[in-house]
Structure formats: structure tokens, C-alpha cells
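Under numbering that gives the first Met the number 0, the first residue of the sequence shown carries the number 0, and numbering increases by one thereafter.
Worksheet: one structure, shown below.
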Amino acid sequence: MFTSVLMIEKALTSADVEFVTTLHGDEAVAFHVLLQPRGDQADRLLRAIDDVALGEIDEATREGRTPEGEAAASQGEQALEVSLLALRASGSTAEGRLIEDHPLDALKGLVDEVEADEVIVLTDPHYVEEFFHRDWASRARHKVGVPVLKLFSHSKV
Numbered sequence: 000m001f002t003s004v005l006m007i008e009k010a011l012t013s014a015d016v017e018f019v020t021t022l023h024g025d026e027a028v029a030f031h032v033l034l035q036p037r038g039d040q041a042d043r044l045l046r047a048i049d050d051v052a053l054g055e056i057d058e059a060t061r062e063g064r065t066p067e068g069e070a071a072a073s074q075g076e077q078a079l080e081v082s083l084l085a086l087r088a089s090g091s092t093a094e095g096r097l098i099e100d101h102p103l104d105a106l107k108g109l110v111d112e113v114e115a116d117e118v119i120v121l122t123d124p125h126y127v128e129e130f131f132h133r134d135w136a137s138r139a140r141h142k143v144g145v146p147v148l149k150l151f152s153h154s155k156v
């Protein structure tokens, strides 16, 4: 069985599930999902810049009202559960956990723990972080010791 660690920041859409579950054809895949709820206020400016870069000015103005920290944790739990159920419904094995601090350390630990074959980072575009190679996928490539595939989420939830 092929083992993938899937790093996400929100609930998977049906298109996302279809995308990741068909990457390896008919080979059975076990997914180990890591979800990090929204970051702290330091990330707010970067998120607003990304929204502007995507032409989503209304989203940029709403960044201050987006739940963060503890408030985001309960939404994160729900998003994780929805994602795991969707992966299982597609016929894949799936388990997961929320991560709150040091996502790359958690990722490295899980890759080693489950002897993962690959890491899939599935997020919305983060142009500022990507430009400076500070996004999860760019940093993970230097840390985890397995191939890292960077994919963009198909639609917003």
C-alpha cells in the first residue's frame, strides 16, 4: 500500500478528494492527514495580500473577522473530520490530526512515523510565501526526505 501524508489547511472538496485519490491509479493509498487551522495575526497581512493578488478584494477586507487560534480549532476539527470521511468514502484508508504549532516539525515526525512514500501539500495559492519559498511545500522539500507534491485546492469551502 502506498502511504501519503496529506497536509491541508481547510476541508477537502469533492474535487480535491477525487484529485488526490486518483494520483496513483488503481494502487491502494493510505492517507495520513495533517490540518493546521488558520494562523495567528502575523499571518493576517500575508493572507490579505494573497487575496488582493487573486483579485478577491472583499476577502482581504474580511481577514480581520476570520476565526483564528482557539476559535479556529473547532472549525479545524470539523474540516478534518469532513476530509477524513470523504477520503474513506472514496475507498482510501485515512486518519488525521490537527497541528497547531510548528507544522513542518509535525510533518517530518509523521513522515518518519508512518514511513510515508510522499507528501502532498494541498492549499490555496499563497503568492507571497511561494515567491520567497516560505510556503509549506518549498520548506518541506528540504526537511522530510521523501518527494513533496504541491497542489492547489480546486475550490473554496
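For glycine and all other residues, C-beta sits at the position ideal for the given N, C-alpha and C.
Whether residue i touches residue j by CB criterion (8 Å)
i, j, result
"Val110", "Val143", "yes"
"Phe18", "Asp116", "no"
"Ala139", "Leu97", "no"
"Gly75", "Pro36", "yes"
"Ala27", "Val81", "no"
"Val32", "Leu79", "yes"
"Leu34", "Gly95", "yes"
"Val145", "Met6", "no"
"Leu86", "Thr20", "yes"
Sheet register partners of residue i (DSSP bridge)
i, result
"Ala158", "The question about residue 158 has no answer here: the residues shown for the chain are numbered 0 through 156."
"Lys149", "Val120"
"Gly95", "Val32"
"Thr2", "Ala29"
Cβ-based burial, residue i [other Cβ within 10 Å; buried from 16]
i, result
"Gln40", "Annotation note: pLDDT 43 at Gln40 (below 50); position unreliable, no value reported."
"His23", "exposed"
"Phe30", "buried"
"Gly90", "exposed"
"Glu112", "exposed"
"Ser152", "buried"
"Thr122", "buried"
"Ala14", "exposed"
"Ser195", "The question about residue 195 has no answer, for the chain in this structure spans 0 to 156."
"His141", "exposed"
"Val16", "buried"
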